[in-house]
Amino acid sequence: MLSDRSRPVVEATLPVVADHVEEIARRFYAGLFTAHPELLDGVFNRGNQAQGSQQVALAGSVAVFASALVQTPEQVPERLLSRIAHKHASLGVTPAQYEVVHEHLFRAIGEVLGDAVTPEVAAAWDEVYWLMAYALVNQERGLYSARGVRPETVWREWEVAERVQETADVVTFRVRRVDDRLVKTSLPGQYVTVRVPMPDGVRQPRQYSLTRADDGEHRQFSVKRVHGGDAPDGEVSTHLCDRVRVGDRLTLSLPFGDVVLDDSGRPVVFASAGIGITPMAGMLSHLAVAGSHLPITLLHADVDEESFALREQVLADVRRLPGATVHTWYERGAHGTLPVDSVHAGVMDLDDVDLPEGAAYLLCGPLPFMRAVRSALLDRGVPACDVQYEVFGPDLWQADAQTEPSPGAVPAGAG
Ligand SMILES: Cc1cc2nc3c(=O)[nH]c(=O)nc-3n(C[C@H](O)[C@H](O)[C@H](O)COP(=O)(O)OP(=O)(O)OC[C@H]3O[C@@H](n4cnc5c(N)ncnc54)[C@H](O)[C@@H]3O)c2cc1C
Ligand code: HEM
113 MLSDRSRPVV EATLPVVADH VEEIARRFYA GLFTAHPELL DGVFNRGNQA QGSQQVALAG
173 SVAVFASALV QTPEQVPERL LSRIAHKHAS LGVTPAQYEV VHEHLFRAIG EVLGDAVTPE
233 VAAAWDEVYW LMAYALVNQE RGLYSARGVR PETVWREWEV AERVQETADV VTFRVRRVDD
293 RLVKTSLPGQ YVTVRVPMPD GVRQPRQYSL TRADDGEHRQ FSVKRVHGGD APDGEVSTHL
353 CDRVRVGDRL TLSLPFGDVV LDDSGRPVVF ASAGIGITPM AGMLSHLAVA GSHLPITLLH
413 ADVDEESFAL REQVLADVRR LPGATVHTWY ERGAHGTLPV DSVHAGVMDL DDVDLPEGAA
473 YLLCGPLPFM RAVRSALLDR GVPACDVQYE VFGPDLWQAD AQTEPSPGAV PAGAG
């Protein structure tokens, strides 16, 4: 909790920090990478750096955390912290690096806000930073120690055992262990960071959801090629889809991620769009292996049936689950040959289907899709705490920390 001395100072300066957060973030990264170029090799994602707005995630979260400390001092923003801690752990972030980030973040704040940063203001924001840093370091320490690793040893080599072209743009990789060490189990819905050496020699990390339950030998994930349009094509997804073949080696982190199936025995509703099917496929696979009898509803939106990645695996798992139903929405019309419970034309509309009472909801897909589904659910009286969502990028939405705008129609499905 913030001290009584710092709270009014943080409250008074929050608007000015929030107003300048983009400039602070830009200067922070510039200073950090000049002093520590090694952080660009295998730690930070240069695709996110290139998209200027996404740089805001780290500095912006400090502002979100500060406003939570001021507005609801008795409540820690658990989901915000846990998402960051899992992401950090999947990249092997170390406690010592918090000093480095502190130095460059506070230098950037000083440069941008100038004289407004009196010693009193600096001390109050220092307190915010270290409250957040210690909370993260503690969570990350717990995540590493639960898996018996250190930050440096989250990585492991695997060999590509199978490669399946799921759709025109999605490839599934099934990798096999190459040593005789135990394969640590994942929780349903978790992801790994895949760290790939790029042609210029720099390693680039990206997260991919696991799409199949553990079998002690393999991991499986599915990658959608990112077309850049006017911007460059996605570098890691294109490399994986175009270049990586059976027999090649890949470096994966241990599985992390906090958007996981709970075991409360409640009905579960999955709502996905496009490549957002991947964590759902992983969770359905876990449920099928466990012989679950839970009422499960899968709602999936896509361009058309041919674009529905992992459809055969997903439907085979659904057939093994006596309480499961599947409903699809296709932008190109209600055509399809898959054995599903209903097919609809257009974008996902929750009014088309009956939803179970008291369910846990898991969403994954493009942000506009998740915003609209979440708003529609909240409008129906579903408590916000029953709706979890996975963002395939830095979480700039932070719906759990904000009031949502009023709902609109659920926009196009493919992500
Ligand atoms: C928890 C989590 C789980 C995920 N699970 C999956 C999954 O299961 N399957 C999956 O396919 N993906 C998943 N992702 C997304 C994945 O991690 C990558 O973000 C995705 O593959 C794109 O990476 P890339 O290297 O191909 O694109 P990048 O090279 O990182 O590019 C990303 C975007 O930035 C744009 N860009 C790049 N350079 C510039 C520039 N100079 N100017 C302007 N724009 C630029 C690109 O056009 C592109 O739109 C997940 C992400 C997270 C965080
Ligand atoms: C209190 C300090 C810190 C805060 C508040 C913070 C916050 C964040 C946030 C909000 C994200 C985005 C998470 C998401 O939604 O995916 C993130 C990602 C990340 N953080 Fe931190 N972080 C801190 C310290 C550090 C440190 C010490 C390092 C180590 C160098 C680090 C490295 C990273 C990396 C590499 C990512 C992923 C970036 C990307 O994929 O573009 N962070 N952090």
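Here my numbering runs 112 ahead of the position in the sequence shown, where the first position is 1. Using N, Cα and C, we set each Cβ at its ideal position, and we do this for glycine too.
Nearest-angstrom Cα separation, counted from residue j out to residue i
i: residue 533; j: residue 248; result: The shown model of the chain, from 113 to 527, leaves out residue 533, and the question about it has no answer.
i: residue 376; j: residue 391; result: 19 Å
i: residue 123; j: residue 169; result: 20 Å
i: residue 219; j: residue 265; result: 31 Å
i: residue 398; j: residue 281; result: 25 Å
i: residue 418; j: residue 450; result: 10 Å
i: residue 197; j: residue 240; result: 17 Å
i: residue 317; j: residue 203; result: 8 Å
i: residue 445; j: residue 351; result: 32 Å
i: residue 310; j: residue 355; result: 11 Å
i: residue 329; j: residue 135; result: 46 Å
i: residue 498; j: residue 288; result: 35 Å
i: residue 228; j: residue 506; result: 29 Å
i: residue 595; j: residue 216; result: Nothing about residue 595 can be reported from this structure: the residues present for the chain run from 113 to 527 only.
i: residue 470; j: residue 458; result: 27 Å
i: residue 448; j: residue 149; result: 50 Å
i: residue 185; j: residue 115; result: 10 Å
i: residue 529; j: residue 226; result: Examination of residue 529 is not possible in this model, given that the chain is present from 113 through 527 alone.
i: residue 378; j: residue 402; result: 15 Å
i: residue 255; j: residue 384; result: 27 Å
i: residue 222; j: residue 133; result: 12 Å
i: residue 456; j: residue 485; result: 16 Å
i: residue 460; j: residue 380; result: 18 Å
i: residue 336; j: residue 413; result: 16 Å
i: residue 443; j: residue 277; result: 22 Å
Same chain, Cβ closer than 6 Å to residue i, neighbours up to 5 away in sequence not counted
i: residue 125; result: 233
i: residue 500; result: 371, 474
i: residue 432; result: 400
i: residue 346; result: 338
Cβ-based neighbour list, residue i, same chain, cut-off 8 Å, excluding 5 preceding and 5 following
i: residue 326; result: 295, 297, 298
i: residue 465; result: 409, 411, 439, 454
i: residue 425; result: 323, 324, 393, 397
Neighbourhood of residue i by C-beta distance below 7 Å, restricted to the same chain and skipping five residues each side
i: residue 494; result: 473
i: residue 357; result: 272, 275
i: residue 141; result: 161, 167
i: residue 253; result: none
i: residue 435; result: 405, 406, 407, 408
i: residue 179; result: 126
i: residue 152; result: 145, 158, 314
i: residue 359; result: 271, 272
Reduced DSSP category for residue i - H, G, I as helix; E, B as strand; rest coil
i: residue 156; result: coil
i: residue 412; result: strand
i: residue 302; result: coil
i: residue 423; result: helix
i: residue 125; result: helix
i: residue 285; result: strand
i: residue 348; result: helix
i: residue 253; result: helix
i: residue 269; result: strand
i: residue 173; result: helix
i: residue 307; result: strand
i: residue 187; result: coil
i: residue 115; result: coil
i: residue 472; result: strand
i: residue 323; result: coil
i: residue 140; result: helix
i: residue 439; result: strand
i: residue 334; result: strand
i: residue 206; result: coil
Beta-carbon proximity check, residue i vs residue j, cutoff 8 Å
i: residue 348; j: residue 331; result: no
i: residue 244; j: residue 174; result: yes
i: residue 128; j: residue 236; result: no
i: residue 363; j: residue 267; result: yes
i: residue 373; j: residue 261; result: no
i: residue 395; j: residue 477; result: no
i: residue 427; j: residue 323; result: no
i: residue 462; j: residue 488; result: yes
i: residue 192; j: residue 212; result: no
i: residue 382; j: residue 333; result: no
i: residue 137; j: residue 171; result: yes
i: residue 182; j: residue 117; result: no
Closer than 8 Å to chain C by CB, residue i
i: residue 235; result: The chain labelled as chain C is not found in the depicted structure, where only one protein chain is given.
Closer than 7 Å: residue i CB and nearest ligand 3 heavy atom
i: residue 195; result: Here the bound small molecules are ligand 1 and ligand 2; ligand 3 is not part of this structure.
Residues passing the C-beta test against ligand 2 heavy atoms, cut-off 6 Å: Those residues that have a beta carbon less than 6 Å away from any non-hydrogen atom of ligand 2 are, in order along the chain, 151, 155, 156, 157, 160, 169, 170, 173, 174, 195, 196, 199, 200, 203, 205, 209, 210, 213, 241, 244, 245, 248, 506, 507.
Relative to ligand 1, what is the chain-ordered list of residues with a Cβ closer than 5 Å to any of its non-hydrogen atoms? Listed by chain position, these are 159, 162, 163, 303, 318, 319, 320, 321, 335, 336, 338, 340, 343, 344, 346, 347, 348, 349, 387, 390, 504.
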